[in-house]
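> Protein chains in written order, with our numbering: chain A, 23 to 310; chain B, 23 to 310.
Yeah, the Cβ is synthetic: ideal placement off N, Cα and C, and Gly gets one too.
Please read these numbers as outputs of a predicted model, since none were measured by experiment.
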């Protein structure tokens, strides 16, 4: 069976990828510098019709080295599919590194050097390209886009932008107890329906044309679209694109013992990602 | 600071990379199919002067998605440096997947479909290319090369091959208690010195010409050469090329508790890789 893969960075991105900002731009108390930057997912070959601007990479993204590969990614993939976009997209994040701690992203959202590098990506992805719309996920991404829009190149670009609610909003807002997950989900999907209707007229060359259908009040299984194999580096196993969680930050070894102090646990947790093949995706167990 | 990176697979390798063998070729009881294949490290752009044929990828290689990135890789990197080869090499393995259990590699070393795919790689890397020598690491790699040499393309190739002892031989042979690590190291370096002398005359265009110097009876720190940043995917943190172990197979969570059965531990261990930033490479601790 043939396995598609992401062939890597085209030459026109090499200088940009080579010169990513380090700890002198992203402070180590607010970003997980130690795992390196994660740049993108999707088409860098000029075929993208939609640019998605997300927030920051998490554990799964850190191991797969592509952004939005977990459930949030599958939600966005489903959103794009409703617009007929199944391959012609490219996604980057507001931040190259995972945000560490509460408010790290908020605190550094206007840092000029962070914006400067991100704007170079937006320039390259949008200016003079076939991109017809930009979708920003969440408030920080929206603000990041507005910052680009205020630059000379951003001002000269007529690209349409639609801000939508971040795909993990149902989980994050219900975790704080202010709302239920179902309520938050309905609210997000309402917002996404507004987004879909605003975006649809701008997508003139969809990959898979289809009449626009809106979301209901809950997310169905069919609303999640798988991450294409072609979006990940060669050889990554299929479960790295699955809905099951397979990467987590955890204290292990002696830091997991009851005798470990909170400080030792925090230290181990920051330093560690546990990668585990999901139970139902273990090929050494014959399928039931 | 600019960070070099591996730009990905050139077009002439795409079909080969896309069509890697799955569980129908590599049996799941002898190979860790679940982590996906790891293909190579080094130059695929035709600039390689030496092809290194190793054995199989381990935990670090599984996460970094490039072969020979740990201490064994640094030993080989140092070996190539003595021949003046600092960038013009490419490495592939005998097996695409980690060997699982005792004797898995031995048992399947002559499997025709495993050899068929590996031979396609050797064809592409050697035939009509600028490669001047092949270095095989260990017995299985030597046999894999001989199997290629027996094919029509292998027969028509005049490329020089030198078999050398596998770089982890000192550890593996002393672990069984038959020898000390120091004795095994001296034996390996003696073998490597024979290899260097045989190889040197074939390397007509070294990257960094230098008079041939042989190893002593022990490996010095200076005999380990760092894995170049340009060999790894973009954005991987520097500690993924360091000498410190940073990836291990371990039972975690409930499978690490004293109440876990051996079966539960084995299951968790097969399913899990723990990735931990080495203690001295944690950027959130200011340097002492």
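#1: Against chain A, does residue 41/B count as a neighbour if the rule is that its beta carbon must be under 8 Å from one of theirs?
#2: Could you name each continuous alpha helix (DSSP H) segment of 4 residues or more that falls completely within the stretch 139-193 of chain B, going from the start of the chain to the end?
#3: To test your reading of the DSSP string, which unbroken alpha helix (DSSP H) runs of 4 or more residues are found completely within the stretch 107-144 of chain B?
#4: With a threshold of 8 Å on Cβ separation, who are the neighbours of residue 131/B within its own chain once the five nearest residues in sequence on each side are excluded?
#5: If distances are taken between C-alpha atoms only, which option among 30/B, 33/B, 56/B comes closest to residue 308/A?
#6: For the beta strand (DSSP E) containing residue 63/A, name the first residue and the last one.
#7: So residue 53/B and residue 110/B are supposed to be a Cβ contact under 8 Å. How far apart are they, rounded?
#8: Go ahead and label residue 312/B buried or exposed: buried means 16 or more other beta carbons lie within 10 angstroms of its beta carbon, across all protein chains shown.
#9: Let me make sure I understand the geometry here. Which of 273/B, 135/B, 236/B, 231/B has the alpha-carbon closest to that of residue 286/B?
#10: Could you give the uninterrupted runs of the beta strand (DSSP E) lying entirely in the stretch 220-306 of chain A, keeping only those of 3 residues or more?
#11: Among 70/A, 234/A, 157/A, 38/A, which one has its Cα closest to the Cα of residue 140/A?
#12: Between residue 71/A and residue 154/A, how many whole angstroms is the CB-CB distance? I'm expecting something under 8 Å.
#13: Would you list the residues sitting across from residue 76/B in a DSSP beta bridge?
#14: Tell me, to the nearest whole angstrom, how far the beta carbon of residue 149/B is from that of residue 179/B; I am working on the premise that it is less than 8 Å.
#15: Between residue 186/B and chain A, is the shortest Cβ-Cβ distance under 8 Å, so that the two count as touching?
#16: Could you tell me the distance, in whole angstroms, from the CA atom of residue 43/B to the CA atom of residue 68/B?
#17: In terms of residue numbering, what span does the alpha helix (DSSP H) encompassing residue 85/B cover?
#18: Helix, strand or coil: which one does DSSP assign to residue 101/A?
#19: Counting only Cβ-Cβ distances shorter than 8 Å, please list the residues of the stretch 34-67 of chain B near chain A, keeping chain order.
#20: Report yes or no: is there a C-beta of chain B within less than 8 Å of the C-beta of residue 274/A?
#21: Just grab the DSSP bridge partners of residue 35/A for me.
#22: Decide if residue 23/A is buried, meaning its Cβ has at least 16 other Cβ atoms within 10 Å, or exposed.
#23: Within the same chain, show all residues whose beta-carbon is closer than 6 Å to that of residue 236/B, passing over the 5 residues directly before and after it, in chain order.
A quick look at the data gives this:
#1: Yes, residue 41/B lies at the interface with chain A (some Cβ there is under 8 Å from its Cβ).
#2: 161-171, 174-178, all fully within the stretch 139-193 of chain B.
#3: If we require 4 residues or more, the alpha helix (DSSP H) runs fully inside the stretch 107-144 of chain B come out as 126-129.
#4: Only 116, 162, 165, 166 meet the Cβ criterion.
#5: Proximity to residue 308/A across 30/B, 33/B, 56/B peaks at 56/B, based on C-alpha coordinates.
#6: Annotation: the continuous beta strand (DSSP E) that includes residue 63/A extends over 62-64.
#7: Going by Cβ atoms, the distance from residue 53/B to residue 110/B rounds to 31 Å, so no, they are not a contact pair.
#8: What is shown of chain B runs 23 to 310, which leaves residue 312/B out entirely.
#9: Checked all of 273/B, 135/B, 236/B, 231/B; the closest Cα to residue 286/B is 273/B.
#10: Qualifying beta strand (DSSP E) stretches, in chain order: 294-298.
#11: That would be 38/A, whose Cα lies nearest to the Cα of residue 140/A.
#12: About 5 Å separates the beta carbon of residue 71/A from that of residue 154/A, a gap short enough to meet the 8 Å contact definition.
#13: Per DSSP, the beta bridge partners of residue 76/B are 115/B.
#14: Yes, they are in contact, since the Cβ atoms of residue 149/B and residue 179/B sit about 6 Å apart, within 8 Å.
#15: Closer than 8 Å: no.
#16: Those two C-alpha atoms are separated by around 24 Å.
#17: Counting along the chain, the alpha helix (DSSP H) containing residue 85/B begins and ends at 81-86.
#18: If DSSP states are grouped into helix, strand and coil, residue 101/A belongs with the helices.
#19: Cβ contacts with chain A come from 36, 39, 40, 41, 42, 44, 45, 50, 51, 55, 56, 57, 58, 59, 60, 61.
#20: Output row for residue 274/A: interface = yes.
#21: Looking at the DSSP assignment, residue 35/A forms no beta bridge with any residue, so it has no partner.
#22: Counting the other Cβ atoms within 10 Å of the Cβ of residue 23/A gives fewer than 16, which makes it exposed.
#23: Excluding sequence neighbours, residue 236/B sits near 215.
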